[in-house]
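K.L.:
Numbering (the working numbering) for the sequence shown: 21 to 115. Ideal Cβ positions, reconstructed from N, Cα and C, are used throughout, including at glycine. Since we're looking at a predicted model, the values are computed, not measured.
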Amino acid sequence: MADKSITKTELVASIASATGQSQAAVSGVLDALFSTVSDAVAKGSKVSIPGWIAFEQVATAARTGRNPQTGAEIKIPAGKRVKVTAGSKLKAAVK
């Protein structure tokens, strides 16, 4: 398994190189993409790029947890989280 993570700067440079666009333009598009996805998911919409990835908001129930240092029980309130699902093309690319 690769220990290398790709940074946003490296991603922008790679996309700019592949498309012939400037890094500033690609960075602006990525920023707009992330902003649009986060706004839509925060409002409860599901964002899906068929075959690649889907983002959606899911509710979590209140539950009892445990402090790992002291072992004391703590109450964790209900909340929301983001569920990210890989699509078939992304899964196939990893195989």
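1. Would you list the one or two residues that DSSP bridges to residue 68?
2. Compare the C-alpha of residue 86 against each of 36, 77 and 94 and name the closest.
3. Does the contact criterion of 3 or more C-beta pairs under 8 Å hold for the segment 60-76 versus the segment 88-107?
4. Label residue 46 either buried or exposed according to how many other C-beta atoms from any shown protein chain fall within 10 Å of its C-beta, with 16 as the threshold for buried.
5. Suppose contacts are defined by Cβ-Cβ distances below 9 Å. Is residue 72 in contact with residue 107 by that definition?
6. Run through the DSSP bridge pairs and tell me what residue 30 is partnered with.
7. Given residue 28, which residues of its chain have a CB within under 6 Å of its CB, disregarding the five upstream and five downstream residues?
8. Is residue 111 helix, strand or coil by DSSP?
9. Do you know offhand how far residue 50's Cα is from residue 60's?
10. If you follow the beta strand (DSSP E) that residue 99 is in, where does it begin and where does it stop?
P.N.:
With the structure as the only source:
1. Answer is 74, bridged to residue 68.
2. 94
3. yes
4. Buried.
5. yes
6. The partner list for residue 30 (beta bridge, DSSP) is empty, contrary to what the question assumes.
7. none
8. If DSSP states are grouped into helix, strand and coil, residue 111 belongs with the helices.
9. 15 Å
10. 99-106
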